């Protein structure tokens, strides 16, 4: 199912002194074992920029409903949503059901702004309410699916069932098995005739929590700190506000992102979201944990899904999804950037890896050798050894070959190394052979594999002994900035080039391709320095 094109009304919302492009509330779950701890957390939620707090009273030890709710609701610095979640719906409460429902009725009497009751018991709960309930309180009826995300048809029926209970607000939380599952929630959310909370749990569901602001969700949840979450895949309040600029997302916001697997390490969202904001560009940039590129592209075919960066392991698969491919990317056999042409929706693939990486290596060689731009490429005639034959390996092999270097490709799978080497008139090696490879001194070594990337930072693709034969070593890995390979290369006397330099050069180029605006170069460098 493809996410169809749509258009919600575009309005600026003025709340206090702040202008927002959406009305989505950021709700901060408050989970503590004592009332005092909850009071402290609620103040933090306000300080961090939350709009309301969810009081998860099922986490309280020795909970005394009338006493504790009276304190929490009356002293809350923000509007309150009271949730008393039972174990059978993923919560902590494992006691008498009638006492649980009585506590929720009490929360309504004491002035809670919202209460949450599960669909399974909603009819009974509504029937137990006195004739006239407090006008202030809104009742959220919720359904949680911790295994999967149902079809759009099933979700629509679920919305209707929840509405039929008398709910003021519909809440559906599902689980992402694949990133395309978010599209089903978006489809239901955008067509909902009642206020709706629609979220997809898990790392693959992150986009649902952020794009709730684009698709008209009632609220989204943001935790006080990483790890202190009420559901899997929940971002922090600070991430929602400061990293994803959630207040600035509107129905017409363009969606960009980095497609990879894994993707949690990526600094790209920090770079592009800060750059979009500084340039007043109406876009959001997301980390996209994608399993199948073709399915992802087909699903998110709406015009507002406007462009992507590609990283390991999807650069070659991305090329196959393009309507048109830049000749350089075609020669390399992989893309690192995809742009949707707005006029006809065609997907155009580019490879800018070689531009970013080769420029960084050349710059460092010129500094080391005292050479100038007028003297030509310092790569000419050099032996350029590349570890890895994937997308980045192909890009740098092609780029170095164009500059006149002699290419050597070392790869775990010899056949892949041989295939790439043949395209650039180079030599192929296995990784095992690389440790004994020394036709000359002063070679250049380039790692394009994820070996040494967080969290496995103590790994390295070659032995330290081997590094003495190289005058310059470049590692495309940039988390951590100083990898074990670079650390040992420096100890061996080689000049080192950080993967961040390739990343920065790529960011300059890609920002301009995404936006048509000049890249804020100093900002990009500053953001990357802070986040690495």
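In my numbering, the protein residues as written are 89 to 620. Ideal Cβ positions, reconstructed from N, Cα and C, are used throughout, including at glycine. Remember, it's a predicted structure, so these values are computed and weren't measured experimentally.
Distance from the Cα of residue 230 is smallest, within the candidate group 203, 222, 266, for 203. DSSP places residue 347 in the uninterrupted beta strand (DSSP E) bounded by 342-348. Exposed is the label assigned to residue 468, since fewer than 16 other Cβ atoms lie within 10 Å of its Cβ. Residue 208 and residue 185 have their C-alpha atoms spaced approximately 12 Å apart.
Looking at 465, 447, 500, 553, the one whose alpha-carbon comes closest to that of residue 591 is 447. Between the alpha carbons of residue 436 and residue 416 lies a gap of roughly 12 Å. Between the alpha carbons of residue 289 and residue 261 lies a distance of about 7 Å. Annotated three-state conformation of residue 226 is strand, per DSSP.
Leaving aside the five residues that flank residue 460 on each side, the residues in its chain whose CB is nearer than 8 Å to its CB run, in chain order, 454.
Judged by DSSP secondary structure, residue 612 falls outside any beta strand (DSSP E) and instead within the alpha helix (DSSP H) spanning 609-619. Relative to the Cα of residue 501, the nearest Cα in the group 511, 307, 476 belongs to 476. Unbroken alpha helix (DSSP H) runs of no fewer than 4 residues, entirely contained in the segment 354-390, are found at 356-366, 381-387, following chain order.
For the options 488, 503, 297, 388, the alpha carbon positioned closest to that of residue 441 is the one of 488. Within the segment 497-531, the runs of alpha helix (DSSP H) that reach at least 4 residues and sit entirely inside it are, in chain order, 502-511, 519-522. Per DSSP, residue 308 is one residue of the beta strand (DSSP E) stretching across 307-309. For residue 144, the uninterrupted beta strand (DSSP E) run begins and ends at 140-144, by DSSP. Counting other Cβ atoms within 10 Å of its Cβ, residue 450 reaches 16 or more and is therefore classed as buried. A Cβ-Cβ contact shorter than 7 Å links residue 130 with residue 118.
When DSSP states are grouped into helix, strand and coil, residue 320 belongs to the coil group.
The beta carbons of residue 374 and residue 352 sit no closer together than 7 Å. At a cut-off of 3 residues, the continuous stretches assigned as beta strand (DSSP E) that sit fully inside the segment 412-500 are 425-428, 435-438, 471-475, 494-499.
For secondary structure counted as the beta strand (DSSP E) over 3 or more consecutive residues, the segment 529-574 holds these complete runs in sequence order: 531-535, 558-563. If one requires a minimum length of 4 residues, the alpha helix (DSSP H) runs lying completely within the segment 178-259 are 185-197, 207-216, 240-252, in chain order. Scanning its chain for C-beta atoms nearer than 7 Å, with the 5 sequence neighbours on each side dropped, one finds around residue 270 the residues 264, 288, 293, 295, 296, in chain order.
Per DSSP, residue 328 lies in no beta strand (DSSP E) segment and is marked neither H nor E.
Minimum Cα-Cα distance from residue 255 among the listed residues 166, 214, 407 corresponds to 214.
Taking the CA atoms as reference points, residue 217 sits about 25 Å from residue 281.
Of 116, 145, 159, the smallest CA-CA separation from residue 138 is found for 116. Residue 609 is not a Cβ neighbour of residue 586, given a cutoff of 7 Å.
Taking residue 444 as reference, the option from 471, 485, 470, 418 with the minimal CA-CA separation is 485. When C-beta atoms of the segment 218-227 are compared with those of the segment 193-201, three or more pairs fall below 8 Å, so the two segments count as touching. Under the DSSP assignment, residue 585 falls in the beta strand (DSSP E) whose first and last residues are 583-585. For residue 296, the three-state secondary structure derived from DSSP is helix. Contact between residue 564 and residue 535 holds: their C-beta atoms lie close to 6 Å from each other, under 8 Å. Contact between residue 146 and residue 180 holds: their C-beta atoms lie close to 4 Å from each other, under 8 Å. Residue 523 places its beta carbon less than 7 Å from that of residue 554.
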